[in-house]
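In this note's numbering, the protein residues as written are 7 to 387.
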Ligand code: GLA
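What follows is the structure, encoded as structure tokens:
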């Protein structure tokens with residue numbers, strides 16, 4: 007049973023920015039609650055939806071950037087606590103933050119030299135990461151307000167978010183209608199379905215940029231987390247973190263996570279690729295086997311026992327170890343987020359695919375529907 011209700015507390019007086027304060031989950035019943043989360047400088051209201059399942063898991067998602075602002079999952083003792091980095095309130099998200107929890111588009115990760123050629127025409131994009139375009143440009147999908155509709159499906163509570171990106175926005179061709187559906191399932195999964203259609207040939211690569219620390223946001227670094235990635239190869243990068251085009255075997259390198267290994271075990275090794283990424287910030291080419299929705303990764307945090315599995319229909323995974331966090335950003339509860347205080351697992355097509363014809367294509371044509379699914383599944387052991 008799904009119901010939505012307004013929480014009026016945040017609307018009292020002249021308070022513009024509501025803080026991130028969630029009612030504790032009531033076990034046994036799933037629902038979606040909607041509350042005001044403040045206003046953008048132009049006055050646009052932003053809402054925070056909290057999806058709860060019957061087990062007590064909660065996902066807080068705001069309409070600004072469609073960002074996951076909180077995600078509570080159980081530890082070994084059955085205690086639910088937040089495992090994603092984020093800011094305390096909307097004002098925090100309006101300062102420069104590194105895509106915490108946000109939907110990334112139109113193109114997740116980098117496009118080299120801020121341009122690509124499609125059907126013989128060169129498209130110029132804003133360069134926002136040295137000479138390259140990162141995560142959709144200056145004003146990517148993470149910085150737009152998404153239209154939200156709460157509901158439920160056979161799997162659980164849902165939040166449907168839509169955004170139409172205009173032809174030429176951030177340099178990309180075609181009006182692109184994007185839809186992202188978050189489902190909090192009864193099985194403690196956050197499922198994300200991405201769809202998009204276009205009216206001109208274009209490129210698209212959508213993902214979510216949640217930063218996880220399974221011990222809790224602001225609870226130290228993630229170097230003890232044990233990671234398995236189902237990938238025999240990765241795409242090495244140049245100094246600008248653009249793939250060279252090579253698909254390099256992970257065997258015998260610090261990039262081999264085919265067997266569960268602590269993130270910190272090899273991150274400091276004298277390795278050219280680790281130096282270029284300042285740690286792990288690379289695209290792993292998933293061993294897809296039969297294709298479809300397959301298990302891409304599994305992470306285990308030994309202290310709390312929390313486990314996160316990542317399942318996806320996508321061919322690749324960007325595993326990023328929060329190398330650019332440096333402790334200056336103070337997040338939820340005012341806690342600083344130290345270097346490597348979180349990791350990201352961004353399911354995706356390979357970076358710079360529009361300029362790499364040998365990589366799986368990211369082109370989308372009118373009449374076709376882009377559709378990918380990623381599931382973050384939580385448990386404890
Ligand atoms: C991605 C990129 C990183 C970095 C983060 C955000 O993971 O690959 O290089 O830009 O996003 O800081």
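Each residue gets a CB set at the ideal place from its N, CA and C atoms; glycine is no exception.
None of these values were measured; they are calculated from a predicted model.
(1) Smallest Cα separation from residue 266: which of 108, 184, 303 and 147?
(2) Is the beta carbon of residue 140 within less than 7 Å of some heavy atom of the ligand GLA?
(3) The beta strand (DSSP E) that contains residue 72, what's its start and end?
(4) Could you check what DSSP says for residue 269 in three-state terms: helix, strand or coil?
(5) In three-state terms, what does DSSP make of residue 359?
(6) Alpha carbon to alpha carbon, what distance is there between residue 99 and residue 191?
(7) Beta-carbon within less than 8 Å of residue 194's beta-carbon, same chain only, minus the 5 sequence neighbours each way: which residues are those?
(8) Under the criterion of a Cβ to heavy atom distance below 7 Å, does residue 287 qualify as lining the ligand GLA?
(9) Compare the beta carbon distance of residue 354 and residue 322 with 8 Å and say whether it is the shorter of the two.
(10) Are there three or more Cβ pairs, one per stretch, closer than 8 Å when the stretch 149 to 162 is compared with the stretch 242 to 260?
(11) Check each candidate in 352, 362, 338 and 306 and name the one with the smallest Cα separation from residue 92.
(12) Using DSSP bridges, identify the partner residues of residue 113.
(13) Among the candidates 181, 76, 86 and 45, whose CA atom is the shortest distance from the CA of residue 33?
(14) Identify, in the order they occur along the chain, each residue of the same chain with its Cβ nearer than 7 Å to the Cβ of residue 22, setting aside the five sequence neighbours on each side.
(15) So, for residue 317: in the same chain, excluding its five sequence neighbours on each side, which residues have a beta-carbon less than 6 Å away from its beta-carbon?
(16) Can you give me the start and stop residues for the beta strand (DSSP E) that residue 320 sits inside?
(17) Within the same chain, show all residues whose beta-carbon is closer than 6 Å to that of residue 296, passing over the 5 residues directly before and after it, in chain order.
(18) Pick out the complete beta strand (DSSP E) segments inside the stretch 243 to 330, 3 residues or longer, and give them in chain order.
(19) For residue 256 and residue 127, I'd like the C-alpha separation in whole angstroms.
(20) Candidates 203, 237, 218 and 41: which alpha carbon is nearest residue 328's?
(21) Grab the span of the beta strand (DSSP E) containing residue 343 for me, first residue to last.
(22) Taking 8 Å as the limit between beta carbons, can you name the residues of its chain near residue 47, skipping five residues before and five after?
(23) Is the stretch 177 to 190 touching the stretch 201 to 218 in the sense that three or more CB pairs, one from each, lie closer than 8 Å?
(24) If I measure Cβ to Cβ from residue 8 and keep anything under 8 Å in the same chain, skipping five residues before and after, which residues do I get?
(25) If you measure from the CB of residue 147, is any heavy atom of the ligand GLA nearer than 7 Å?
(26) Is residue 134 near the ligand HEM - that is, is its Cβ less than 7 Å away from at least one heavy atom of it?
(27) Ordered along the chain, which non-local residues of its own chain (more than five positions away) have a Cβ less than 7 Å from that of residue 135?
(28) Would you kindly check if the distance between the Cβ of residue 105 and the Cβ of residue 231 is under 8 Å?
(29) Run through the stretch 80 to 106 for me and flag every whole alpha helix (DSSP H) of 4 or more residues, listed as ranges in chain order.
(30) Pick out whichever of 305, 147, 244 and 335 has its Cα sitting closest to the Cα of residue 228.
(31) Name, in chain order, the residues that DSSP records as bridge partners for residue 240.
(32) Under the rule that 16 or more other beta-carbon atoms within 10 Å means buried, what is residue 145, buried or exposed?
(33) With a threshold of 6 Å on Cβ separation, who are the neighbours of residue 377 within its own chain once the five nearest residues in sequence on each side are excluded?
(34) What does a CB cutoff of less than 8 Å around residue 125 pick up in its chain, not counting 5 residues either side in sequence?
(35) First and last residue of the beta strand (DSSP E) that includes residue 372?
(36) Suppose the cutoff is 6 Å on Cβ atoms and the five residues either side in sequence are ignored; what does the same chain contact list for residue 357 look like?
Well, looking at it:
(1) Sorting 108, 184, 303 and 147 by C-alpha distance to the C-alpha of residue 266 places 303 at the top.
(2) With a threshold of 7 Å, the Cβ atom of residue 140 counts as near the ligand GLA, since some heavy atom of the ligand is closer than that.
(3) Segment: none, residue 72 is in no beta strand (DSSP E) and carries neither H nor E.
(4) DSSP places residue 269 in helix when its eight states are reduced to three.
(5) Assignment of residue 359 by DSSP, reduced to helix, strand and coil, places it in the helix class.
(6) C-alpha separation (whole angstroms): 27 Å.
(7) Within the same chain, residue 194 has close Cβ partners 59, 61, 63, 79, 80, 383, 384 and 385.
(8) Relative to the ligand GLA, the nearest heavy atom lies less than 7 Å away from the CB of residue 287.
(9) With respect to the 8 Å criterion, residue 354 and residue 322 are classified as neighbours on the basis of their beta carbons.
(10) The stretch 149 to 162 vs the stretch 242 to 260: no contact.
(11) Put simply, of 352, 362, 338 and 306 the residue whose alpha carbon is nearest the alpha carbon of residue 92 is 338.
(12) 211.
(13) Ranking the options by Cα distance to residue 33, first place goes to 86.
(14) Residue placement at residue 22 cannot be trusted, given a pLDDT of 40 that sits under 50; the coordinates are not used to answer.
(15) Within the same chain, residue 317 has close Cβ partners 299, 301 and 381.
(16) Going by DSSP, residue 320 is part of no beta strand (DSSP E) at all; its letter is neither H nor E.
(17) There are no such residues.
(18) 287 to 291, 300 to 306, 312 to 318 and 322 to 326, all fully within the stretch 243 to 330.
(19) About 36 Å.
(20) Comparing alpha-carbon positions, the option among 203, 237, 218 and 41 lying closest to residue 328 turns out to be 218.
(21) Note, residue 343: premise wrong, no beta strand (DSSP E); not H, not E.
(22) Only 100 meet the Cβ criterion.
(23) Verdict: yes, contact present.
(24) The predicted position of residue 8 is uncertain, since its pLDDT is 41 and thus under 50; no value can be drawn from it.
(25) The nearest non-hydrogen atom of the ligand GLA is 7 Å or more from the C-beta of residue 147.
(26) You won't find the ligand HEM in this model; what it holds is the ligand GLA.
(27) So the qualifying residues of the chain are 116.
(28) Here residue 231 is not near residue 105, since their CB atoms are 8 Å or more apart.
(29) Qualifying alpha helix (DSSP H) stretches, in chain order: 96 to 99.
(30) For residue 228, the closest C-alpha among the options 305, 147, 244 and 335 is that of 305.
(31) Paired residue(s): 254 and 290.
(32) Label assigned to residue 145: exposed.
(33) Here the set comprises 201.
(34) Exclusion of the five residues before and after residue 125 leaves 207 as the residues of its chain whose Cβ lies within less than 8 Å of its Cβ.
(35) Unbroken run through residue 372: none, as it is neither H nor E.
(36) Answer for residue 357: 115, 116, 249 and 289, listed in chain order.
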